[in-house]
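**Student:**
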Amino acid sequence: MPRTLVVAIVALWFGLIAIFVEIAPFQSPWPQQRYRLDGAEFMALAGGQVDGSGLRIETEDGDHGALLVRGVDIADAAAWPVLRYRFESLAPTLEVAFLYRRADSTGDVRTIALTRGRGDIGTIDLAREKEWQGAITEIGFAIYPVAQSVPAEHAFRPFRLSGAEFWSPSWAGRLASVSTEWSGRRAWSLMSISALGPDNGAVRARSPVLLLAVGLALTALLLLWHAPSAVARHLRVVGAGVAIAWVLLDLRWSLSLADRHAATRQIYAPLPWDERQRAIADADVLQAAQQVRQALREDGADPDRVRLLVDAASDFLRARFVYHLAPARTAPVNLTGWGSSVAVVEPVYFAAFEKNSPAYDAADGRLRVDSGFSVPAKPLIDEPRLRLYRLGEAKP
505 MPRTLVVAIV ALWFGLIAIF VEIAPFQSPW PQQRYRLDGA EFMALAGGQV
555 DGSGLRIETE DGDHGALLVR GVDIADAAAW PVLRYRFESL APTLEVAFLY
605 RRADSTGDVR TIALTRGRGD IGTIDLAREK EWQGAITEIG FAIYPVAQSV
655 PAEHAFRPFR LSGAEFWSPS WAGRLASVST EWSGRRAWSL MSISALGPDN
705 GAVRARSPVL LLAVGLALTA LLLLWHAPSA VARHLRVVGA GVAIAWVLLD
755 LRWSLSLADR HAATRQIYAP LPWDERQRAI ADADVLQAAQ QVRQALREDG
805 ADPDRVRLLV DAASDFLRAR FVYHLAPART APVNLTGWGS SVAVVEPVYF
855 AAFEKNSPAY DAADGRLRVD SGFSVPAKPL IDEPRLRLYR LGEAKP
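Residue numbers for the sequence shown follow the numbering used here, so the first one is 505 and each next one is one higher.
As structure tokens, this is what we get:
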């Protein structure tokens, strides 16, 4: 292959990487200033012990996580856009958020979810966060169980905060932040694990899949333009490039799956089989569903065949409530409405989890759905978090 063609292909890929990473052409290649903060300078609200220059967290706080804070004097946030953070032995069942206070609103704590780097070090470009501006008076890290997919009581393991560092703008900082986003550790989420793009969290970098696809397509065009008669040779070169790109993407996917599998093993491997079913992220929803099924039996209904309207405080809780009530004939009221559900022969029930509406009027025995519509109802469970009613007129 001619040297000029090799140089052109290399230049093409370097240019594409610069575009996809969004490197500012007139920035310094390396950070001109660094602001280092040792982990020992942070204060833990619970369970913190100074460990050399770091801070070791041995026990969880009341929320099954940890909160680490430190006062700072950053006069202009824009001058320090790159944050590098280092945690050692951080369990795969824990997530990390960066928090900070601005001098213009000291009563507000702003948070940014962080991506965990492939090693102990992660980087984020805060210049992409519109709230990172002005003077900063306090920073910190919140560590907490992965939301909705990890039982909080099994998530915590001791870890160490080695430190954090702010950098002035540079190519190195931008490359490090994009590298963290492209290769970072991802926890289980409610999205497909086979997604090639970001499958959780904020999108802070352009897709590496798109970079590889555009790069290979432009490489093929460049080869054809330089030597249109050597199609077979060009196909071999492009085919080898596609194979390499495929392996890189598959390796990325496999590493992400291994990270998630490590979280699953941490939670369930130590537990006997009969406890694994109960050790779920929404154990409280499962318990509520079991209470509902027991109350339905006591009311003379078959909990597997009963008609049951369901509501909860969020879409996630509502969906999981329906799941744990299966195989009952459930209907989420936010989708189906109330309709004429009480004007039937067989009984209809309504169950609400973590939701106080519609209100029950004990004086006339009706659920007040809105100002113009109410339903006759008899309470079967009336607790702060869980309510169950039989709808319609009382049994004869």
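All C-beta atoms in this analysis are idealised placements derived from N, C-alpha and C, irrespective of residue type, glycine included.
Since the model is a prediction, treat every value here as computed from it, not as a measurement.
1) Touch check for the region 574-588 and the region 628-641: three-plus C-beta pairs under 8 Å?
2) Where does residue 577 sit, in a helix, a strand or coil, going by DSSP?
3) By the three-class DSSP mapping on this structure, what secondary structure does residue 685 have?
4) Would residue 523 be called buried (16 or more neighbouring beta carbons within 10 Å of its own) or exposed?
5) Among all the DSSP beta bridges, which residues are the ones paired with residue 627?
6) Give a yes or no on whether the minimum CB-CB distance between residue 633 and chain B is below 8 Å.
7) Three-state secondary structure (DSSP) at residue 553?
8) My output table needs one value for residue 883: the three-state DSSP class, helix, strand or coil.
9) Can you check the region 818-873 for any beta strand (DSSP E) of at least 3 residues that lies completely inside it and give the ranges in chain order?
10) Distance, Cα to Cα, residue 769 vs residue 715?
11) In chain order, what residues of the same chain lie with their CB nearer than 6 Å to the CB of residue 660, ignoring the 5 residues before and after it?
12) By a C-beta neighbour count over all protein chains shown, 10 Å radius and 16 as the cutoff for buried, is residue 804 buried or exposed?
13) Which residues in the same chain as residue 676 place their Cβ atom closer than 7 Å to its Cβ, once the five residues preceding and following it in sequence are excluded?
14) Under the DSSP definition of a beta bridge, which residues are partnered with residue 814?
15) In this structure, how does DSSP classify residue 784 when only helix, strand and coil are distinguished?
16) Which value, in whole angstroms, describes the spacing of the CA atoms of residue 683 and residue 600?
17) My understanding is that residue 557 touches residue 570, with C-beta atoms under 8 Å, so please give their C-beta distance in whole angstroms.
18) Starting from the Cα of residue 742, find the closest Cα among 644, 719 and 822 and give me that residue.
19) Might you give, ordered along the chain, the residues of its own chain that have their beta carbon closer than 7 Å to the beta carbon of residue 554, omitting 5 neighbours on each side?
20) Please report the distance separating the alpha-carbon of residue 662 from that of residue 723.
21) Sorted by chain position, which residues of the same chain lie with C-beta nearer than 7 Å to residue 826's C-beta, five sequence neighbours on each side aside?
22) Using a Cβ-Cβ cut-off of 8 Å (strictly less than) and excluding sequence neighbours within five positions of residue 698, which residues of its own chain qualify?
23) Three-state secondary structure (DSSP) at residue 530?
24) Would you call residue 685 buried or exposed, if buried means 16 or more other Cβ atoms sit within 10 Å of its Cβ?
25) Kindly list the residues whose CB is nearer than 8 Å to the CB of residue 688, restricted to its own chain and excluding five residues on each side of it in sequence; keep chain order.
**Tutor:** This is what the structure gives:
1) yes
2) Note: residue 577 maps to strand in three-state DSSP.
3) helix
4) exposed
5) 588
6) The chain inventory of the structure shown lacks chain B, comprising one protein chain alone.
7) strand
8) strand
9) Runs of the beta strand (DSSP E) inside the region 818-873: 833-836, 852-857 and 863-865.
10) Cα-Cα distance, rounded: 34 Å.
11) 564 and 568
12) exposed
13) 533, 534 and 535
14) 836 and 855
15) coil
16) 18 Å
17) 18 Å between Cβ atoms; not a contact.
18) Ranking the options by Cα distance to residue 742, first place goes to 719.
19) 544
20) 48 Å
21) 814, 834 and 836
22) With a pLDDT of only 49 at residue 698, under 50, the local geometry of the prediction cannot be trusted, and no value is derived from it.
23) coil
24) buried
25) 619, 620, 621, 622 and 626
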